[in-house]
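See below for the structure under consideration.
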Amino acid sequence: MTTVQDAAEKLAQAFAEKRQIKPFSDDDTGFDLANGYEVQRALTAKRVASGAREIGVKVGFTNTQIWSRFGIKAPVHGPVFDNTLATDPADISRFMEPLIEPEIVLRLGAKPFASMEDAELLACVEAIAPGFELVHSIYPDWRITAADSVASGAMHGALALGEFVPVSADWAEVLTRFKVALLCDGELRDEGQASNLLGSGPLAVLRHLLGLSTCPPLPVGAIISTGTLTQALPIAAGETWQARFDGLPLAPLALRLT
Numbered sequence: 001m002t003t004v005q006d007a008a009e010k011l012a013q014a015f016a017e018k019r020q021i022k023p024f025s026d027d028d029t030g031f032d033l034a035n036g037y038e039v040q041r042a043l044t045a046k047r048v049a050s051g052a053r054e055i056g057v058k059v060g061f062t063n064t065q066i067w068s069r070f071g072i073k074a075p076v077h078g079p080v081f082d083n084t085l086a087t088d089p090a091d092i093s094r095f096m097e098p099l100i101e102p103e104i105v106l107r108l109g110a111k112p113f114a115s116m117e118d119a120e121l122l123a124c125v126e127a128i129a130p131g132f133e134l135v136h137s138i139y140p141d142w143r144i145t146a147a148d149s150v151a152s153g154a155m156h157g158a159l160a161l162g163e164f165v166p167v168s169a170d171w172a173e174v175l176t177r178f179k180v181a182l183l184c185d186g187e188l189r190d191e192g193q194a195s196n197l198l199g200s201g202p203l204a205v206l207r208h209l210l211g212l213s214t215c216p217p218l219p220v221g222a223i224i225s226t227g228t229l230t231q232a233l234p235i236a237a238g239e240t241w242q243a244r245f246d247g248l249p250l251a252p253l254a255l256r257l258t
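Quick note on numbering: UniProt numbering labels position 70 of the sequence shown as 70, and the sequence is numbered without any gaps.
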């Protein structure tokens with residue numbers, strides 16, 4: 001059986017070479033979520049040793065509408081780094097089978113706990129921003145298990161951020177009922193809503209993350225990307241994508257791809 005360090009090294013080399021590999025679960029049917037998070041931590045350590053800095057967490061597969069597409073039955077999470085923040089235009093040449101996801105990104109102003117009431121949890125969120133996460137697959141054809149996804153860093157490629165807007169106590173309701181339209185080159189490609197995120201929106205995602213034994217430290221200033229509000233859609237260089245939010249005071253977010 002492949003050791004944790006061997007698996008992390010295999011992933012690191014494959015990412016560096018932009019080379020897809022077989023899912024670990026192909027050769028090890030016992031490769032489970034616990035194994036996946038062990039490999040992820042080892043891969044993260046390699047990235048940090050190479051100069052990357054963890055700045056937050058991405059939570060993936062929070063949209064229950066996409067679970068059947070990927071054979072996933074629960075959310076997963078992985079690190080976001082300072083060097084995976086995307087600028088406009090975003091270079092996607094290093095990504096494999098990339099997809100785009102419009103998301104809500106939280107920035108913490110206080111340390112949250114799973115035991116908190118909704119109002120207390122919201123009070124820990126200093127600001128929110130629109131975001132595009134660019135996800136990609138080190139495994140061919142996006143053929144994954146949850147454990148394989150986790151091992152690779154939860155498929156994280158890059159995160160593009162819009163302007164952060166301060167949060168107030170009266171946002172508790174609007175964060176459960178906003179909508180988003182996803183456009184490519186001006187053409188509507190999909191629509192989503194807050195309830196796609198674990199039934200009630202971004203705060204439900206934060207609460208879920210806090211309740212996991214694998215939840216990483218979430219210091220003040222950390223950002224949490226809460227998962228795609230729409231279907232995750234394929235992207236190509238030359239396209240311009242835009243997310244327009246209805247029900248939240250967020251400016252539209254546009255991202256050009258090169």
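Beta carbons are placed, not taken as given, at the ideal position from N, Cα and C, and that holds for glycine. Note that the coordinates shown come from a computational prediction; the quantities given were computed from them, not determined experimentally.
In whole angstroms, what is the alpha-carbon distance linking residue i and residue j?
| i | j | result |
| --- | --- | --- |
| residue 285 | Asp190 | The chain is shown from 1 up to 258; residue 285 falls before or after that span and cannot be answered. |
| Glu9 | Leu43 | 7 angstroms |
| Leu99 | Trp142 | 10 angstroms |
| Leu203 | Gly192 | 16 angstroms |
| Val150 | Pro89 | 28 angstroms |
| Glu38 | Val4 | 7 angstroms |
| Asp91 | Asp118 | 38 angstroms |
| residue 274 | Met155 | The chain is shown only over 1 to 258; residue 274 falls outside these bounds and no answer can be derived. |
| Glu163 | Ala243 | 13 angstroms |
| Leu210 | Gln13 | 31 angstroms |
| Ala232 | Gln65 | 10 angstroms |
Going by DSSP in three states, residue i sits in which element: helix, strand or coil?
| i | result |
| --- | --- |
| His136 | coil |
| Thr64 | helix |
| Phe24 | helix |
| Lys46 | helix |
| Ser225 | strand |
| Leu250 | coil |
| Leu212 | coil |
| Gln242 | strand |
| Thr177 | It is worth fixing the name first, because residue 177 is Arg in this sequence and not Thr. Arg177 falls in the coil class under three-state DSSP. |
| Val167 | coil |
| Leu255 | strand |
| Pro202 | helix |
| Arg19 | coil |
| Thr218 | Note on identity: in this sequence residue 218 is Leu, with Thr being the wrong assignment. The answer is coil: DSSP assigns Leu218 none of H, G, I, E or B. |
| Glu117 | coil |
| Gly109 | coil |
| Ala236 | coil |
| Lys58 | strand |
| Gly71 | coil |
| Ala127 | strand |
| Ala52 | coil |
Answer with buried or exposed for residue i, where buried requires no fewer than 16 other C-beta atoms within 10 angstroms of its C-beta.
| i | result |
| --- | --- |
| Ser93 | exposed |
| Ser213 | exposed |
| Arg69 | exposed |
| Phe132 | buried |
| Phe61 | buried |
| Val220 | exposed |
| Asp148 | buried |
| Gly78 | buried |
| Val174 | exposed |
| Glu103 | buried |
| Lys58 | buried |
| Leu249 | For clarity, residue 249 is Pro in the given sequence; the question names Leu instead. Exposed: under 16 other Cβ atoms inside 10 Å. |
| Gly201 | buried |
| Gly199 | exposed |
| residue 264 | Because the chain in this structure spans residues 1 to 258, residue 264 falls outside the shown range and cannot be described. |
| Glu101 | buried |
| Thr228 | buried |
Start and end of the beta strand (DSSP E) containing residue i?
| i | result |
| --- | --- |
| residue 261 | In the structure as shown, the chain begins at 1 and stops at 258. Residue 261 is therefore absent and cannot be evaluated. |
| Ala160 | 156-161 |
Taking only beta-carbon atoms, is residue i less than 7 angstroms away from chain D?
| i | result |
| --- | --- |
| Val125 | Among the chains of the structure shown, chain D does not appear; only one protein chain is present. |
Which first and last residues belong to the alpha helix (DSSP H) in which residue i is found?
| i | result |
| --- | --- |
| Phe95 | Counting along the chain, Phe95 falls outside any alpha helix (DSSP H), and DSSP gives it neither H nor E. |
| residue 267 | Residue 267 lies beyond the residue range present for the chain, which begins at 1 and ends at 258; the question has no answer from this structure. |
| Asp148 | 146-151 |
Check: Any contact of the segment 153-161 with the segment 76-90, i.e. 3+ C-beta pairs under 8 angstroms?
Finding: yes
Note to self: Within 8 angstroms, do at least three Cβ pairs link the segment 9-28 to the segment 162-171?
What the structure shows: no
Next item on the list: Spell out a yes or no on whether the segment 176-189 and the segment 48-58 are touching, meaning 3 or more CB-CB pairs, one atom from each, closer than 8 angstroms.
Entry: no
Margin query: Could you check whether the segment 220-230 touches the segment 102-115, counting it as contact only if at least three pairs of C-beta atoms, one from each stretch, sit closer than 8 angstroms?
Written below: yes
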